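> First, the structure itself, so that you have it in front of you.
2 protein chains.
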Amino acid sequence: MAKQTGSKDRRVRGSRTGRPVMALLDLLGRRWALRILWELRDAPLTSRALRTACDEASPTVLQARLTELREAGFVELGDGGGYGLTPLGRELGETFMPLHRFAERWRSKSGD
Amino acid sequence: MAKQTGSKDRRVRGSRTGRPVMALLDLLGRRWALRILWELRDAPLTSRALRTACDEASPTVLQARLTELREAGFVELGDGGGYGLTPLGRELGETFMPLHRFAERWRSKSGD
DNA sequence: CGTAATGCTACAGTAATTGTAGCAAGGAAG
DNA sequence: CTTCCTTGCTACAATTACTGTAGCATTACG
Numbered sequence: 001m002a003k004q005t006g007s008k009d010r011r012v013r014g015s016r017t018g019r020p021v022m023a024l025l026d027l028l029g030r031r032w033a034l035r036i037l038w039e040l041r042d043a044p045l046t047s048r049a050l051r052t053a054c055d056e057a058s059p060t061v062l063q064a065r066l067t068e069l070r071e072a073g074f075v076e077l078g079d080g081g082g083y084g085l086t087p088l089g090r091e092l093g094e095t096f097m098p099l100h101r102f103a104e105r106w107r108s109k110s111g112d
Numbered sequence: 001m002a003k004q005t006g007s008k009d010r011r012v013r014g015s016r017t018g019r020p021v022m023a024l025l026d027l028l029g030r031r032w033a034l035r036i037l038w039e040l041r042d043a044p045l046t047s048r049a050l051r052t053a054c055d056e057a058s059p060t061v062l063q064a065r066l067t068e069l070r071e072a073g074f075v076e077l078g079d080g081g082g083y084g085l086t087p088l089g090r091e092l093g094e095t096f097m098p099l100h101r102f103a104e105r106w107r108s109k110s111g112d
């Protein structure tokens, strides 16, 4: 089992509408959130390794996102250290994994 | 045809790695970006209508995101006014449309 | 002209992010 | 038990992004 963050009520912006997608969209629309899930897709990473994978993003935001993502139930801190996706987080990952393929086609259409 | 924004040099953060996903992840990981795509999924909206749909988000950011999204080729400003998704933008939308269903399950698991 | 809609911009205040530094705790030698 | 290294995590000032409110230029309809 993994450590649990105390259940806080850090509300997500989109919650106001009551529609869960909005909450999710808001949560994922924060800096480094999508990227973190992406980097964790294959295997767990230690906080330092994650930082390296994320272009040396500042530990402050990373830590903030990690906390939010943990409270959302997408990410967990393993016993032996290292952040990994929960089963739910893995599902989420698979949901937007096709983004990878899309991005490739995007670049080719995008000129550059 | 729709208006075109001048050619792009607004670099996206993730581009540094050369991997297109990173660029995409960075672009979509900005405030209101995902939400805008989401709100446009069905039909085009005028800038004002979009603002309303997005919880009265400030026009400054909306305009900024809209410009970025247009430069990326996901959104376009129609002749008769109103923002809509390009074919490419629609593809992108479909890519993370399953997020909707996921969000529902997320809420139920999320205890609340 | 008056009214209303469009896309879009200015600008001050506030919140989020960056970058650098460092702490406490846990091993693994020595 | 001290030294060294790694872990997750925090402090804090500087910078950047976003918010909220106001308003401009343009177009269209009487």
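Chain order of the listed sequences is D and B. The numbering of the first sequence is full-length UniProt numbering, which starts it at 1 and goes up by one. The numbering of the second sequence is full-length UniProt numbering, which starts it at 1 and goes up by one. For each residue, glycine too, the CB sits at the ideal point set by N, CA and C. Bear in mind that the values here come from a model prediction, so they are computed numbers and not experimental data.
In whole angstroms, what separates the C-alpha of residue 97/D from that of residue 20/D?
Straight-line Cα distance between these residues: approximately 20 Å.
> Using a Cβ-Cβ distance cut-off of 8 Å, determine whether residue 10/B contacts chain D.
Caution applies to residue 10/B, whose pLDDT of 45 falls short of 50 and renders its modelled position unreliable; the value that the coordinates give is listed next. It does not: the Cβ of residue 10/B has no partner Cβ on chain D nearer than 8 Å.
> Measure the Cβ-Cβ separation of residue 45/B and residue 85/B and say whether it is below 8 Å.
In this structure, residue 85/B does not lie closer than 8 Å to residue 45/B by Cβ.
> Would residue 106/B and residue 69/D be called neighbours here (beta carbons separated by less than 8 Å)?
Their beta carbons are not under 8 Å apart, which means residue 106/B does not touch residue 69/D by this criterion.
> Give the straight-line distance between the Cα atoms of residue 10/D and residue 23/D, rounded to the nearest whole angstrom.
Since pLDDT at residue 10/D reaches only 45, below the 50 mark, its modelled position is unreliable, and no value is offered.
> At 8 Å on the CB atoms, spell out the chain D contacts of residue 50/B, in chain order.
Ordered by position in chain D, no residue passes the 8 Å Cβ test against residue 50/B, which lies about 14 Å from the chain.
> Excluding the 5 residues flanking residue 59/B on each side, which residues of the same chain have their C-beta closer than 8 Å to its C-beta?
47 and 51
> Which whole-angstrom value is the C-beta distance of residue 109/D and residue 73/B, which I expect to be below 8 Å?
7 Å
> Run through the DSSP bridge pairs and tell me what residue 77/D is partnered with.
83/D
> Using the C-alpha atoms, what's the distance from residue 57/D back to residue 101/B?
31 Å
> Does chain D have any CB closer than 8 Å to the CB of residue 56/B?
no
> Got a sec: is the Cβ-Cβ distance from residue 104/B to anything in chain D below 8 Å?
yes
> With 8 Å as the threshold, decide whether the Cβ of residue 45/B is near any Cβ in chain D.
no
> Does the distance from the CB of residue 80/B to the CB of residue 34/D come in under 8 Å?
no
> Kindly indicate which three-state DSSP category residue 66/B falls into: helix, strand or coil?
Reduced to three states, the DSSP call for residue 66/B is helix.
> Taking the beta carbon of residue 103/B as the centre, do at least 16 other beta carbons fall within 10 Å, making it buried, or is it exposed?
buried
> Report the CB separation of residue 38/D from residue 25/B in whole angstroms; it is logged as a contact under 8 Å.
About 6 Å; that satisfies the 8 Å criterion.
> Since residue 29/D meets chain B, which of its residues come closer than 9 Å, beta carbon to beta carbon?
28, 29, 30, 31, 32, 33, 34 and 35
> Run through the DSSP bridge pairs and tell me what residue 45/D is partnered with.
In the DSSP output, where bridge partners are listed per residue, residue 45/D has 83/D.
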